[in-house]
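One structure is given here, and the rest of the page talks about it.
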Amino acid sequence: MAMPSPSREDWLARSVLAGYLASALVMAVLIVTFLVVGLIASSFGPGIADWMANLTENPLVNLVQSGLFLSVLAHLTIGIGFAVVYARFAEPVLPGSSWEKGLLYSLAPFILSVVVFFPLVGAGLLGSNLSAGPLPVFGNLILHAVYGVVLGMLYGPAGDMLVVRTGSAQDRIQERQEMKEAAQGAAIGVTAGLVSGALLALLGTVLVGAGTMQVAGLPLSYTWATLVVFCSAMGCLLGTWMGLPTAQHHG
C-alpha cells in the first residue's frame, strides 16, 4: 500500500513551526492552570481539595522541577516531533477540517502519555499513583486537545493568514513563496535556538549548578529553562526575518 503524500510542499518547515508554537502554548496553559489550581484548591470540599493539592505536589511535579530545563527542552522537542509525524503521515488521511484533524490526532500522544509515560516516571497507569482522582487524565486530555487543535489550525488555514490575498495571480504566487521561505527560516531558527539554548543551559548547569541558588527568588533551574525558551523564540523570530526577501528586511 502506497504511503500517503504530505498535503503541502513545505510540510516539514510548516510542521516544525506549528509544533513549536502549539507546544509553547500548551506549556503556557499548563503553567497558568498549575498556578490557578494551587490558589483555588482550598475552596473545594475535602475530596476535591485533596485531589487538587496532590495534583500540584507529587513525584511527577518534583521530577519536572528538579530538571526543569531538560523538561522544557523535552516538551518542545517532543511536540515538534509529533507535529512532523502529523504532517507526514496523519494529516493527509484524517477526516474533517484542519482543527478536527488535529484534535483526532491528539488522541495518540494523549494515550501514549497516560499509558506509557506516566508509568515510566512513577505516576502509575492513568496517573493512579498521584492520588489526584481523575484530574491527571482529564487535565492531560485537555492539554493534548489544545495542542492538537492549535497544531491543526497552524498547519492548515491559520498558517496562511499572513499571505495577502489581493493583487494579481502572479503577486499571490510570489507571496506564497515568500511565506514558504519565511516558514522554512523560522523552522531552522527554532531548531537552532533549541539546540543552542540546551547547550548553554547544560553548560550553565555544569559550571554553576542548579542546586539551592536562586535568581530573582526563583530556583536557578528556572533560569536555564527560560534560556531554552528564549533562545528558541529568538531563533524563530530571527529565522523568519532571514527567510523574508531582502527588501522586506528594511520595510
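With positions in the sequence shown counted from 1, the corresponding number in this note's numbering is that position plus 83.
All residues carry an ideal CB built from backbone N, CA and C; glycine is no exception.
In the displayed model, A215 falls within coil according to three-state DSSP, outside both helix and strand. DSSP, read as helix, strand or coil, puts E183 in helix. Within its own chain, the residues whose Cβ lies closer than 6 Å to the Cβ of G318, once the five positions on either side in sequence are excluded, are G272, V273, A275 and G276, listed in chain order. DSSP, read as helix, strand or coil, puts V168 in helix.
When only Cα atoms are considered, F172 and P178 end up about 13 Å apart. Boundaries of the alpha helix (DSSP H) around F117: W94 to I123.
In this structure, DSSP gives F201 a helical state, which the three-state scheme calls helix. Counting only residues of its own chain and dropping the five nearest sequence neighbours on each side, V197 has a CB closer than 7 Å to the CB of L209, G210, V220 and N223. Where S149 is concerned, the enclosing alpha helix (DSSP H) starts and stops at P142 to S149. DSSP, reduced to helix, strand and coil, places V273 within a helical segment of the structure shown. DSSP places P129 in the uninterrupted alpha helix (DSSP H) bounded by P129 to T139.
In the structure shown, the three-state DSSP call for G210 is helix.
Residue V109 holds the alpha-carbon nearest to the alpha-carbon of V155 among V109, V120, P175 and G130.
The C-beta separation of L186 from V232 comes to about 5 Å, placing the pair in contact by the 8 Å criterion.
Ranking S106, S315, E174 and L218 by CA distance to the CA of D133 puts L218 first.
When secondary structure is reduced to three states using DSSP, P192 falls in the helix class. Of the residues E92, H158, L286 and S88, the one whose Cα lies closest to the Cα of P192 is H158. Between the alpha carbons of G235 and L104 lies a distance of about 11 Å. In this structure, the alpha-carbon of N141 lies about 6 Å from that of L213.
If you ignore the 5 residues before and after S149, its C-beta comes within less than 6 Å of no other C-beta in its own chain. The criterion of a C-beta distance shorter than 8 Å is not satisfied by V229 and I163. In this structure, G239 sits away from S189, with a CB-CB distance that is not shorter than 8 Å. A direct Cα-to-Cα measurement between I114 and V144 gives close to 12 Å. Rounded to the nearest whole angstrom, the C-alpha separation of V199 and G205 is 10 Å.
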